[in-house]
Amino acid sequence: MTHTLIVGATSAMATAMADRLAATDRLTLMGRNATKLSELARKHQATGLSVDVTDALELDAAMADLAPVDRLVYAVGVGARGKLATLEPHRIRDVVDANLTGFLLTMRYADAVLTEHAQVVVFGAQAGLIQHPQFAAYAAAKAGLDVAVSILRKEMRRRAFMLVAPGPVDTPFWEAVGPVPKHALTPGAVADEVMAALTLEALPERLEPNP
Ligand SMILES: NC(=O)c1ccc[n+]([C@@H]2O[C@H](COP(=O)([O-])OP(=O)(O)OC[C@H]3O[C@@H](n4cnc5c(N)ncnc54)[C@H](OP(=O)(O)O)[C@@H]3O)[C@@H](O)[C@H]2O)c1
């Protein structure tokens, strides 16, 4: 049975992924919100591990007994909107930590537990939609994530990486960013596209679900 580790499992899109993957996979769910996480883990008879991805010690300890992991999904994210000079420094750090540093730390510790041919699914964003004024921290973090994925493809040659870069999706993400765009996708629609990609013989390098 495929063992899938979902990091940021309590995010709307990851929850939709878990709902679908639970039918076929053994799930390990990592998330920061302990209440939501334990509900989700109970629903899917999955292992729930409470982890803040900015904490290397927590990640290291949580990964310890997970091998073998056949598939990893990274769906952690924090958004912020506003001219850089108006953003509180802790919000700038949160955005970079959740979207970029957390991914690098996750892969640092996941390397030892991922199988040789593991699939890695990473939630990024479309540059054209976010590289605009008021999004410096978020856009820079997602651009860094994109570069990190490209380099890890070379470092971890036999593993397959897919960057999922959706258009706007109706999730709590927008609470920190502004009104949900009118034609936003549902988390379920994005999860369906990701699930379809996972069944292909070769994992696409990039998937851009759009309204
Ligand atoms: N929504 C969109 O329009 C959209 C579009 C394109 C790409 N994306 C990306 O897709 C991914 C999923 O988005 P979403 O909208 O489904 O997210 P979401 O529902 O807003 O959830 C974000 C998740 O990130 C978790 N998180 C934040 N910081 C964390 C940390 N330090 N350690 C562990 N978990 C942390 C949050 O945990 P807590 O519950 O504990 O806060 C929450 O579960 C994100 O990477 C996002 O940037 C979103």
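Each residue of the sequence shown is one higher than the last, beginning at 90 in the working numbering.
Ideal Cβ positions, reconstructed from N, Cα and C, are used throughout, including at glycine.
This one's a predicted model, so the numbers in the text were calculated from it and none came from an experiment.
query	result
Environment of M119 [buried if 16+ CB atoms lie within 10 Å]	buried
Environment of N122 [buried if 16+ CB atoms lie within 10 Å]	exposed
Reduced DSSP category for E290 - H, G, I as helix; E, B as strand; rest coil	coil
Meets three-Cβ-pair contact criterion under 8 Å: the segment 206-213 and the segment 157-169	yes
Contacting residues, own chain, Cβ-Cβ under 8 Å from S127 (five flanking each side not counted)	G137
Heavy atom of ligand 1 within 7 Å of V283 beta-carbon	no
Inter-residue spacing [alpha-carbon to alpha-carbon] between L146 and Q223	33 Å
Secondary structure of T124, DSSP reduced to three states	helix
DSSP-derived helix/strand/coil call for D154	coil
Local Cβ density within 10 Å of R248, reported as buried at 16 or more and exposed below that	buried
C-beta contact flag for V279 and P257 at 8 Å	no
Contiguous beta strand (DSSP E) assignments of at least 3 residues, all confined to the segment 135-197	136-139 and 158-163
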